[in-house]
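Chemist: Here it is: the structure, laid out below.
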Amino acid sequence: AVGRLPNVNIFGTDYDTLDGTGVRDYIHVVDVAIRHIAAMKQFEMNCGLKIYNLGTGKDYSVLEMIKALEKASGKTISYKECSRHPGDLATVCLC
Numbered sequence: 005a006v007g008r009l010p011n012v013n014i015f016g017t018d019y020d021t022l023d024g025t026g027v028r029d030y031i032h033v034v035d036v037a038i039r040h041i042a043a044m045k046q047f048e049m050n051c052g053l054k055i056y057n058l059g060t061g062k063d064y065s066v067l068e069m070i071k072a073l074e075k076a077s078g079k080t081i082s083y084k085e086c087s088r089h090p091g092d093l094a095t096v097c098l099c
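Right, here's the structure in full:
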């Protein structure tokens, strides 16, 4: 999206999703970092292991994300359709 690569690779366009691309629950890296700090503080206070799942509860396809980035940046993002990776799931969402 910043123009360092000639295109973005989309791995899989034949999933059983609305546009054929993988669907994910994207979360901002800063939100993940904040939750990591909160989890470490909780660990210090309770000295116990806990499992936390992070997500927004809203899923977006890879193609939807590309279109949103194009709109936000005002630039066209070139993409290349590639074969999906073995074991990739069509949808992963904390919904």
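If you want my numbering, it's the 1-based position in the sequence shown plus 4. Virtual Cβ for every residue (Gly too), placed ideally from N, Cα, C. Keep in mind that this is a model prediction, so the values were computed, not measured.
So, does the stretch 44-63 touch the stretch 85-98, judging by three or more C-beta pairs under 8 angstroms?
Modeler: Contact between the stretch 44-63 and the stretch 85-98 is present, because at least three Cβ pairs lie under 8 angstroms.
Chemist: Counting beta carbon pairs with one atom in the stretch 66-74 and one in the stretch 10-28, are three or more of them shorter than 8 angstroms?
Modeler: Counting Cβ pairs under 8 angstroms, three or more are found: they touch.
Chemist: Answer yes if the stretch 50-60 comes into contact with the stretch 29-37, meaning at least three C-beta pairs across the two stretches below 8 angstroms, and no otherwise.
Modeler: In short, these stretches touch, since the Cβ pair count reaches three.
Chemist: Along the beta strand (DSSP E) that carries LYS45, what are the first and last residues, could you check?
Modeler: Taken as a continuous stretch (DSSP letters only), LYS45 belongs to no beta strand (DSSP E), being part of the alpha helix (DSSP H) at 33-50.
Chemist: Once you ignore the five residues that flank GLU74 on each side, which residues in its own chain have a CB closer than 7 angstroms to its CB?
Modeler: Taken in chain order, the residues that qualify are THR80, ILE81.
Chemist: Taking ASN54 as part of the alpha helix (DSSP H), name the residues at either end of that continuous run.
Modeler: Per the sequence shown, the amino acid found at residue 54 is Lys instead of Asn. Counting along the chain, LYS54 falls outside any alpha helix (DSSP H), and DSSP gives it neither H nor E.
Chemist: Distance check for GLY52 and ARG39, CA to CA, integer angstroms please.
Modeler: Computed Cα separation, rounded: 16 angstroms.
Chemist: On the premise that VAL34 lies in contact with ILE70, defined as a C-beta separation below 8 angstroms, what is that separation, rounded to the nearest angstrom?
Modeler: In fact, because the Cβ distance is near 21 angstroms, the residues do not count as touching under 8 angstroms.
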